[in-house]
Amino acid sequence: MRRAATGIALLLALAGAGAASATTFKLVLIARDGDPRLERSQLERAYLGHPGGPAVDGLAVALNESRLQLEAAGAQWALTTIQAASADAARAAAQQAEKAGAAVVLTDLPPSATLAVADAVKLPVLNVAEAADALRQADCRRNLWHLLPSERMRADALAQTLAAQRWTQVLLLAGPSADDAPRVSAAAAAIKRYGLKLVDTRAFKLSADPRERDLANPLLLTGRASYDVVWVVDSAGEFARALPYRTALPRPVVGDGGLAALAWHAQFERFGAPQVSRRFAKAHQRPMTAHDWASWLAGRALVAAAVAAPNGPLPALHKALAEADLDGSKGVNLSFRPWDGQLRQPLLLSDGQGVVGMAPADGVLHPKNVLDTLGADAAEKLCKARAGA
Amino acid sequence: MRRVCHLIATLAAALAPLAANAQGMAWVSSEKDDAITLIDMRTLTVAGTVPTCKRPRHMQIAPGTTQLFVACSESNAADVIDLATRKSLRRMPLGEDPEAFDFSADGKQLYVSMEDDAALGIVDAANGKLLKTVPVGQEPEGVKTSPDGKRVYVTSEVASLVHAIDTASAKVVKNIAVGKRPRRFAINADGTQLWVTNELGASVSIISTQDLSVIGTVKFELKGMRASDITPVGIAFSRDGKRAFVGLGRANHVAFVDVASRKVTDTVLVGKRAWHVALNQSGTQLWVVNGLSDDLTVVDVATAKAIKSVPVGRVPYMVVLAE
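Here the protein sequences come in this chain order: A and B. Heads up, the first sequence is in our numbering, so the first residue is 2 and it goes up one at a time. Heads up, the second sequence is in our numbering, so the first residue is 330 and it goes up one at a time.
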């Protein structure tokens, strides 16, 4: 476990303005020690939907830019970042944070460690890194909140887009990793939900072995079928990146290559988004990704909660956090779904170069909030731990 | 040539203080065209375009002059255009990414919201020299000078605050918490109330200019629409101060508000994403800029009906009526 210096620097910066009577709320971010997603070779690829850097980056931008607002309210956030190498280390860090008086814990961790943290403390745990549906469904927790859109939300966004385009015949290419399996199921379910037709599901593999060419060659993988679009599920990203323009039929690719549904893209032009992306790029010398947006919005949520309950006590702060109405520069107010702790939000459709559309798609309707057409809705009751919430 | 002379004569007459001439020219800035579209206010047809600096947004006529100041966000500059000749007189710096501005009471200074610097810039209107900056919340937007010139108000979209700034000392007097994502201002006829639109609050907050507190809120509702679809931005008062007009953004409507009762009396369907609004001199027509349908709708105020929509440039932002 390693305590990073960033936390202390930020605390000084925030306290510098000198509101002596301000309430200080403690915030602990637990991140992965030696995060494989942040290795140089991975970051250089910049695959769509993969993180572009540590979660603390977005968080720091949000807390720094909200200084005036916090000062006016008489509250401040003090951030400490802890690196944990395992689920056990993450659990221990969370327990220690709670004992030391932390108000909220943020996690930039894989699913098992995220759950370990949520089970170790009574505090709200904000997940800014994991899109796994299980954390919102079978493994959900009452104190676990999600800023990043779930896999199902991303799949629904794509399926809505295809339905709106009337690209109804879908060929699904399924990746080989353990992460891919639930995402393939999420894609197939979204295809069904929006009345599209699943022409075929074919497994692919990265390989140059001629004996496996049926699994590895895009031409062979996408031949002998008729379809409007190829949907590729490839959590690793390498295969999907090189799939567009190499299909047997001249058809678009969506999913993890071609067109992807993302929480954010630095080229998004509307609703004041360029200012947000620019502030981020100025602070960290890199484009703002979907993961950065999630951790930035977590910061915005914490600021909103502190402004609503500047004197605490913690239960009041936690209530304000759960009920926050947030401006994420996506044009509408964003809020947490009480039934699974997921932040409802529009998604952007991007080919990596720009933003070509948004979901929910035009014409998609919902009896209460059209944002709830993305992801699991209340009536499905998929999160038992929050039943009655 | 004769037409030009005629036009100059007309404009000169129209620009004399409070001239009751209903003819004139509407100037419409378009964010993606680097140009201003001119609409003949009598025929409601496009009369020409004037090239300008990059990404023109807010525009305002300098007090007591015939000069139109145009804030260009991408050029970090203002273009000063002569209304009569339609030619640029000069360009001058206007801080980083200027979005909106207002003049000091004497017209000698500009108060500019500098989006990227989270500051209000105080700029010499003659040469663009940055005299002072006042730090404010992130993404400052609407700027309004009080009628007596002693205060300037600026919104912060991110902090959901209105900053009241003393112009003499260039210091923030008070941060006023309003609705979510505050955008634009209007001040009522006697200067006692400052109205500010809350884009993500589907509302207008009413601030008392005496004690700088929020004294009321106007909530907007439209049949068949959710609050999240109502995103007010542009706002204008009638000359007598009895009515306010608010562009409801994504709701594609403009609302008429009775100021005394703070009730919405009419809503009029216009184009897509109705933002900025401007009232003509006689108060008979409301001009509404539709950012996402690339056009502008002229609304008859008496009947609360749209008369005509005129195609303009790409992503039109604002209209200034030079009568």
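We put the beta carbon where it would ideally sit given N, CA and C, even for glycine.
Please name the residue or residues paired with Ile390 (chain B) in a DSSP beta bridge. For the purposes of this step, residue 390 (chain B) is taken as the residue at position 61 of the second sequence. The partner list for Ile390 (chain B) (beta bridge, DSSP) reads B:Leu397.
Check whether the Cβ of Val326 (chain A) lies closer than 8 angstroms to any Cβ atom in chain B. The count along the first sequence starts at 1 and reaches residue 326 (chain A) at position 325. Strictly speaking, residue 326 (chain A) in this sequence is Asp, with Val absent from that position. Interface residue, yes.
Determine the direct distance from the alpha carbon of Leu529 (chain B) to that of Asp328 (chain A), and round the result to whole angstroms. Stepping through the first sequence from its first residue, residue 328 (chain A) is reached at position 327. Stepping through the second sequence from its first residue, residue 529 (chain B) is reached at position 200. The alpha-carbon atoms of Asp328 (chain A) and Leu529 (chain B) are separated by roughly 8 angstroms.
Neighbouring residues, chain A, relative to Ser557 (chain B) (Cβ below 7 angstroms): The residue given as residue 557 (chain B) occupies position 228 in the second sequence. Result: Val333, Asn334.
Are Ala276 (chain B) and Val586 (chain B) close, meaning C-beta to C-beta below 8 angstroms? For chain B, the structure presents residues 330 to 652; residue 276 (chain B) sits outside this window and is missing.
Show which residues of chain B have a CB atom less than 8 angstroms away from the CB atom of Arg279 (chain A). Here residue 279 (chain A) corresponds to residue number 278 of the first sequence, with the count starting at 1. Within 8 angstroms Cβ-Cβ: Asp445.
Would Glu403 (chain B) and Gly273 (chain A) be called neighbours here (beta carbons separated by less than 8 angstroms)? Here the question's residue 403 (chain B) lines up with position 74 in the second sequence. Here the question's residue 273 (chain A) lines up with position 272 in the first sequence. Cβ atoms of Glu403 (chain B) and Gly273 (chain A): not closer than 8 angstroms.
Rounded to whole angstroms, how far is the Cβ of Ser417 (chain B) from the Cβ of Gly642 (chain B), which I believe are closer than 8 angstroms? Position 88 of the second sequence, counted from the first residue, corresponds to residue 417 (chain B). Position 313 of the second sequence, counted from the first residue, corresponds to residue 642 (chain B). In fact, because the Cβ distance is near 17 angstroms, the residues do not count as touching under 8 angstroms.
What does the alpha-carbon distance come out to for the pair Phe432 (chain B) and Val254 (chain A)? Locating residue 432 (chain B) in the second sequence gives position 103, where the first residue counts as 1. Locating residue 254 (chain A) in the first sequence gives position 253, where the first residue counts as 1. Here the C-alpha atom of Phe432 (chain B) lies approximately 52 angstroms from the C-alpha atom of Val254 (chain A).
If you count every other CB in all the chains shown that lies within 10 Å of the CB of Asn527 (chain B), and 16 or more means buried, which is it? Residue 527 (chain B) sits at position 198 when you count from the first residue of the second sequence. Answer is buried; the Cβ neighbour count reaches 16.
Quick check on DSSP: helix, strand or coil for Phe394 (chain A)? The first residue shown for chain A is 2 and the last is 390, placing residue 394 (chain A) beyond what the model contains.
Taking Asp378 (chain A) as the reference, which of A:Phe337, A:Thr115, A:Ser351 has the closest Cα? Here residue 378 (chain A) is taken as the residue at index 377 of the first sequence, counted from 1. Closest by C-alpha distance to Asp378 (chain A), out of A:Phe337, A:Thr115, A:Ser351, is A:Phe337.
Flag Asn504 (chain B) as yes if its beta-carbon sits less than 8 angstroms from any beta-carbon of chain A, otherwise no. The count along the second sequence starts at 1 and reaches residue 504 (chain B) at position 175. True, the Cβ-Cβ gap to chain A drops below 8 angstroms.
Locate the alpha helix (DSSP H) running through Pro183 (chain A), then write down its first and last residues. What you label residue 183 (chain A) is simply residue 182 of the first sequence in a count that begins at 1. Its alpha helix (DSSP H) spans residues 181-194.
Partners in chain B for Gly50 (chain A), counting only beta-carbon separations shorter than 9 angstroms: Here residue 50 (chain A) refers to the residue found at position 49 of the first sequence. Within 9 angstroms Cβ-Cβ: nothing; Gly50 (chain A) doesn't reach chain B, min ~26 angstroms.
Could you check which residue in B:Gly576, B:Ala556, B:Val483, B:Lys571 has the C-alpha nearest to that of Val562 (chain B)? The residue given as residue 562 (chain B) occupies position 233 in the second sequence. The candidate whose alpha carbon is nearest that of Val562 (chain B) is B:Gly576.
Listed by chain order, chain A residues near Arg510 (chain B) by CB distance under 7 angstroms: As a first step, residue 510 (chain B) must be located in the second sequence, where it is residue number 181. Result: Asp328.
If we cut at 8 angstroms on Cβ distances, does Val481 (chain B) have a partner in chain A? Start at 1 with the first residue of the second sequence, and residue 481 (chain B) comes out as number 152. Not closer than 8 angstroms to any Cβ of chain A, the Cβ of Val481 (chain B) fails to qualify, so no.
For a contact defined as C-beta to C-beta under 8 angstroms, what are the partners of Gly355 (chain A) on chain B? Reading the first sequence from its first residue, position 354 is the one you call residue 355 (chain A). By Cβ distance, chain B contributes nothing, its closest Cβ being about 14 angstroms from Gly355 (chain A), past 8 angstroms.
Interfacial residues, the region 395-407 of chain B to chain A, with Cβ spacing under 7 angstroms: Those would be none; no residue qualifies.
Do Glu99 (chain A) and Leu124 (chain A) have their beta-carbon atoms positioned less than 8 angstroms apart in this structure? Taking the first residue of the first sequence as position 1, residue 124 (chain A) is located at position 123. Taking the first residue of the first sequence as position 1, residue 99 (chain A) is located at position 98. For Leu124 (chain A) and Glu99 (chain A), yes; Cβs fall inside 8 angstroms.
Range covered by the alpha helix (DSSP H) that runs through Glu143 (chain A): Looking up residue 143 (chain A) in the first sequence gives position 142. For the record, residue 143 (chain A) in the displayed sequence is Arg; it is not Glu. Careful: Arg143 (chain A) lies outside any alpha helix (DSSP H) and carries neither H nor E.
Just to confirm the assignment, what range does the alpha helix (DSSP H) spanning Lys503 (chain B) have? Here residue 503 (chain B) refers to the residue found at position 174 of the second sequence. Where Lys503 (chain B) is concerned, there is no enclosing alpha helix (DSSP H), although the beta strand (DSSP E) it sits in stretches over 500-506.
Should Lys473 (chain B) be labelled buried (16 or more other beta-carbon atoms within 10 Å of its own) or exposed? Here residue 473 (chain B) is taken as the residue at index 144 of the second sequence, counted from 1. Lys473 (chain B) is buried by the Cβ-count criterion.
Leaving aside the five residues before and after Glu428 (chain B) along the sequence, list all residues of the same chain whose C-beta is less than 7 angstroms from its C-beta, in chain order. In the second sequence, the residue the question calls residue 428 (chain B) occupies position 99. Answer for Glu428 (chain B): Arg386, His387, Ala400, Ser402, Ser442, Glu444, Glu470, listed in chain order.
Between the Cα of Leu598 (chain B) and those of B:Trp604, B:Ala580, B:Gln610, spot the shortest distance and give me the residue it belongs to. Locating residue 598 (chain B) in the second sequence gives position 269, counting from the first residue. Looking at the Cα atoms, B:Ala580 is the closest of the given residues.
CB contact check: Gly466 (chain B) to chain A, cutoff 8 angstroms: The residue given as residue 466 (chain B) occupies position 137 in the second sequence. Yes, Gly466 (chain B) lies at the interface with chain A (some Cβ there is under 8 angstroms from its Cβ).
Can you give me the C-alpha to C-alpha distance between Ala435 (chain A) and Asp229 (chain A), rounded to a whole angstrom? There is simply no residue 435 (chain A) to check, as chain A begins at 2 and stops at 390 in what is shown.
Between Arg214 (chain A) and Leu207 (chain A), is the Cβ-Cβ spacing less than 8 angstroms? In the first sequence, counting from the first residue as 1, residue 214 (chain A) sits at position 213. In the first sequence, counting from the first residue as 1, residue 207 (chain A) sits at position 206. Result no, Cβ atoms of Arg214 (chain A) and Leu207 (chain A) do not sit closer than 8 angstroms.
Contacts around Ser178 (chain A), its chain only, beta-carbon distance under 8 angstroms, and the 5 residues preceding and following it disregarded: The residue given as residue 178 (chain A) occupies position 177 in the first sequence. Closer than 8 angstroms at the Cβ level, and outside the excluded window around Ser178 (chain A), lie Ser236, Ala237.
Give, in chain order, every residue of the region 525-537 of chain B whose Cβ lies closer than 8 angstroms to some Cβ of chain A. Residues of the region 525-537 of chain B with a Cβ closer than 8 angstroms to any Cβ of chain A, in chain order: Leu529.
Check the Cβ of Val618 (chain B) against every Cβ in chain A and list those closer than 8 angstroms, keeping chain order. In the second sequence, counting from the first residue as 1, residue 618 (chain B) sits at position 289. When 8 angstroms is used as the limit between beta carbons, Val618 (chain B) is near no residue of chain A, the shortest such separation being about 16 angstroms.
Rounded to whole angstroms, what's the CA-CA distance from Ala351 (chain B) to Val356 (chain A)? Just pull it up for me. Here residue 351 (chain B) is taken as the residue at index 22 of the second sequence, counted from 1. Here residue 356 (chain A) is taken as the residue at index 355 of the first sequence, counted from 1. Only weak support is given to the placement of Ala351 (chain B): the predicted model assigns it a pLDDT of 38, under 50, and the question is left unresolved by the model.
Can you give me the Cβ contacts of Arg480 (chain B) inside the same chain, cut-off strictly under 8 angstroms, excluding the 5 residues immediately before and after it? Translated into the one-based positions of the second sequence, residue 480 (chain B) becomes position 151. Answer for Arg480 (chain B): Thr474, Ala493, Ile494, Asp495, Thr496, Val502, Thr538, listed in chain order.
Mapping the DSSP letters down to three states, classify Arg177 (chain A) as helix, strand or coil. Sequence index remark: in the first sequence, residue 177 (chain A) carries index 176 (1-based). The sequence as given places Pro at residue 177 (chain A); Arg does not occur at that position. The answer is coil: DSSP assigns Pro177 (chain A) none of H, G, I, E or B.
Name the two residues that bound the continuous alpha helix (DSSP H) containing Ala406 (chain B). Here residue 406 (chain B) corresponds to residue number 77 of the second sequence, with the count starting at 1. That residue, Ala406 (chain B), is in no alpha helix (DSSP H); its beta strand (DSSP E) goes 406-411.
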